[in-house]
Every structure is written in structure tokens, then in C-alpha cells.
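There are 2 protein chains.
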Amino acid sequence: MKTITRKEEIVTIASQLFKEKGYNAVSMRDIAQAMGIKAASLYNHISGKQQILSTLILTVAVEFTNGMQTVVAKDIRPIDKIREIIELHIDITVNHSEALAALNNDWMHLENNDLSSFVQMREDYEENFRRIVKEGIEAGELKQHHPEVILFSILSTLRTLYLWYQKRGKLDVNVLKKDMVSVLLNGIT
Amino acid sequence: MKTITRKEEIVTIASQLFKEKGYNAVSMRDIAQAMGIKAASLYNHISGKQQILSTLILTVAVEFTNGMQTVVAKDIRPIDKIREIIELHIDITVNHSEALAALNNDWMHLENNDLSSFVQMREDYEENFRRIVKEGIEAGELKQHHPEVILFSILSTLRTLYLWYQKRGKLDVNVLKKDMVSVLLNGIT
DNA sequence: GTCTATATGGCGATAGAC
DNA sequence: GTCTATCGCCATATAGAC
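Just so you know, the sequences run in chain order A and B.
Position 122 of the first sequence, counted from 1, bears residue number 122 in the numbering used here, the numbering being contiguous throughout.
Numbers in the numbering used here are just positions in the second sequence, counted from 1, shifted up by 1000.
Dropping the structure here:
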């Protein structure tokens, strides 16, 4: 059984507030109040507001990076890799929907090393995805569109899934995967 | 020939800064510095920071609303309405890419009446779009997916187009329209 | 581990001179 | 129309008592 540390509790509460108003609009006082303590007390558990943000974002970024590595290493067809990437996004969305808001909207408020590693991970992720799309086109499994247009349309949908997942009645994960794969790969007409 | 007022100039400069860092991370001093004047001087042209944000966002929101009204009123097939909505988004993206960042990410920092009218316009817009999708399904022009899944996948792609449009070499608008319509309607496989 | 008190600095906005 | 000077407020963060 997992013990929740006070630091993890702070990060969780903060992620919910960041999702509503964004990193800069949430104060340490807001976070403390949501926990029923005073702002100064937070500093016994975390080094500062920046650490909350970087913990939140980098944890999820690492999950994406590891998930992509696993998919890349598999000996399957490009189109099946894309299928698995879609499922990876859905799994992470279901498990970390609050953190995804910060990852999408507040990553630019990271500082120094945290900012560099995030940007690096994101670029690597996109580059891996781009390569898979290109391989799919060359193998005749995808239509002859600009790879960039295909990459963008899939990725923009997956990246904003967290916004929609909560609004809808949190439908069954497996149904969601099936529908998303079908719509993103086969279109709507 | 259009004369650019000082207020319009402030809103334009601010929109570029908001796009980089978000509304809350940009100060009036930042905006003033980018214009080569002091922060206090801004208040001769605008009533405050809030007015910059609401001018920026509501101008574009009204364009979306009007565009959608025009499409809804047309006597064409549902699928052609969707085609026109995609083109509407691309036109607005090309003409207001900076303002779209604020509209997407900073709308929640609007206050009072401005916030209410924005939320109302956005809900109406989505509802109109949803109805068209449903009509398309009933008419057999679209596949039998959940209307919400179709709506979401198209809209999330269109809403983040502004991020991608600038990164790429600002390709020809008509080529972009053709590609986006094809990918979003017919899929990639 | 939480508190009160406080340091330090940046924020939006205003007053009034030029 | 822009400036300097300044007000009042809230931000992150620290020191030290309990």
C-alpha cells in the first residue's frame, strides 16, 4: 500500500488549481488554503512554487518518453505503432488529467534545467512520432498527405483529450480507445 | 486606408506577448517596454489590462459567431457545412493567430460581463456545430460514431491550428484548407 | 509540522507636471 | 501623449517561536 507523502499531496492539490486558472494565477496562499494550512508551512515540504510545477510536469513527460520508447522498440507495423501511441495518450490522460493541463499550458514557466529537459523530451517525442508516420506513408499504410499534417491532426486531438475526458461522463477507457483509434485513423465519412 | 489607433497598437503588441507567456505573466510594464513608452502612458489609451484582454478575445469570438451563423443559414448539405467551418477556422487562424492564443488559453481571466458573453458565445458555437454533426450522421453522410467524438476530434485540431500554422513555413492558405478538409473528413488510412 | 511576523520586490493603477 | 513619482496591494520566500 502506497503512502502519500505531504509533498505529493501538495503537488496533487496544486495541479487541480493550476488546471482551473493556470500556474501564474494560483498563489502559494491559494494552495495552502486548499490544504487547510498557511502558506509558510508549505516550505517545510517543498523548496518553492517552481518545484511544484516541475515535479508535476516532468513526471508525466517522463511517462510519455518511456511509453514512446517502448512503442518504437516493438517489431510491429507503423500503423499499429500509431494505434499504441493513441492508447498511450488515453492511458496517461485517464491517470493524470490534472497534470496534463499544466504540461500543455504552463510548461513555458519552467526554469533552467527543467525547461531544457522538458523541451528536449517533447522534441524527441514528436520526432519519433514523425518518423513512424513517414514509415507508415512509405509502407502504403497511410495516405500520401504531408506527414506534418497527419502528425498535427492526431497530436492536437490527443493533447487536448484531457479537456474533454472530464467534461464527458468519464466513459469506459476501452470504448474510448476503440472510438478514438477508429476516428483518428479511418476518418468520419 | 485603415488608420491604426494607439489602442489597436497596444492590443496587437500585447497579443504577441500573451501568446508567449500567457496573460498573467505579462505585466503592463512589459507591454509598455515593447512599445517604447512607460507603463503609465498606456492608461491614456486603454482603461486597464482587463480591457486589453477582452478587446482581444471578444473581437475574435464575434468573428467565430458571425461565421457560424452564416454557415448555419446556408441551404447546403451538413458535410458541406463542416467543410465551410473548417475553412472559417483556417481563415481566422491566418488573420488572428496571436489573438487565438489568448482566446484558447486566457479566456478564464476575463471578468464579469466579458466572461459571460464569451462563455455564451462558445457554448452556442459548439451547440451549432454539434447539431450539424448530428444531421450529418442522420443523413448518412458521416459514420455512426458518437457525435461528441467527431465534434471533439475536429474542434481540437482546429483550435490548436494556430500553434502549428506559425511553426510551419506559413504555407499557402488554399493548400492548407484542402489538406485539412481531406484529413479531417476522410482520415489518414 | 505549523504558526506569526516580516523582508523584499513586482504588480496595476493614479496624480500631476511638462 | 508621455513622463516621474508614488500608492496600496499581493506575491514568494525566510526566520524563529511553539
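Glycine included, C-beta positions come from ideal geometry on N, C-alpha and C.
For the alpha helix (DSSP H) that residue i lies in, which residues bound it at each end?
i          : result
Leu-161/A  : 161 to 167
Glu-224/A  : Any answer about residue 224/A is impossible in this case: the structure gives chain A only from 1 up to 189.
Ser-1097/B : 1097 to 1105
Met-35/A   : 28 to 35
Gly-1067/B : 1049 to 1073
Lys-1038/B : Taken as a continuous stretch (DSSP letters only), Lys-1038/B belongs to no alpha helix (DSSP H), as it is neither H nor E.
Leu-1184/B : 1173 to 1186
Taking all protein chains shown into account, decide if residue i is buried (16 or more other Cβ within 10 angstroms of its Cβ) or exposed.
i          : result
Ala-1101/B : buried
Val-71/A   : buried
Ile-1004/B : exposed
Val-1011/B : buried
Ile-76/A   : exposed
Tyr-190/A  : One cannot answer for residue 190/A here, as it falls past the ends of chain A, which runs 1 to 189.
Leu-110/A  : buried
Ser-1097/B : buried
Val-1026/B : buried
Val-60/A   : buried
Lys-19/A   : buried
Lys-81/A   : buried
Ala-1040/B : exposed
Leu-1171/B : exposed
Ser-15/A   : buried
Ala-1054/B : With the sequence shown as reference, residue 1054/B is identified as Ser, and Ala is not the correct amino acid for it. Flag for Ser-1054/B reads buried.
Glu-1207/B : In this structure chain B extends from 1001 to 1189, so residue 1207/B is not present and cannot be described.
Quick one: Cα of residue i to Cα of residue j, how far?
i          : j          : result
Tyr-1165/B : Lys-1143/B : 29 Å
Ile-1057/B : Trp-1107/B : 7 Å
Asp-114/A  : Met-68/A   : 20 Å
Asn-24/A   : Ser-156/A  : 24 Å
Asn-186/A  : Ile-1188/B : 6 Å
Leu-184/A  : Glu-63/A   : 22 Å
Arg-6/A    : Tyr-43/A   : 11 Å
Lys-1038/B : Ser-1117/B : 32 Å
Ile-31/A   : Lys-1049/B : 25 Å
Ala-139/A  : Met-121/A  : 27 Å
Glu-1084/B : Lys-1074/B : 10 Å
Gly-269/A  : Glu-8/A    : The requested residue 269/A does not occur in the structure, where chain A is confined to residues 1 to 189.
Glu-135/A  : Ile-79/A   : 9 Å
Gln-51/A   : Gln-1033/B : 30 Å
Asn-112/A  : Asn-1174/B : 40 Å
His-146/A  : Glu-123/A  : 19 Å
### Ranges of the alpha helix (DSSP H) found wholly within the stretch 125 to 165 of chain A, counting only runs of at least 4
147 to 159
### Message
Check whether the stretch 1121 to 1137 of chain B and the stretch 122 to 141 of chain A touch, using three or more Cβ-Cβ pairs below 8 Å as the test.
### Response
no
### Segment contact, 8 Å Cβ cut-off, at least three pairs: the stretch 91 to 99 of chain A with the stretch 140 to 154 of chain A
no
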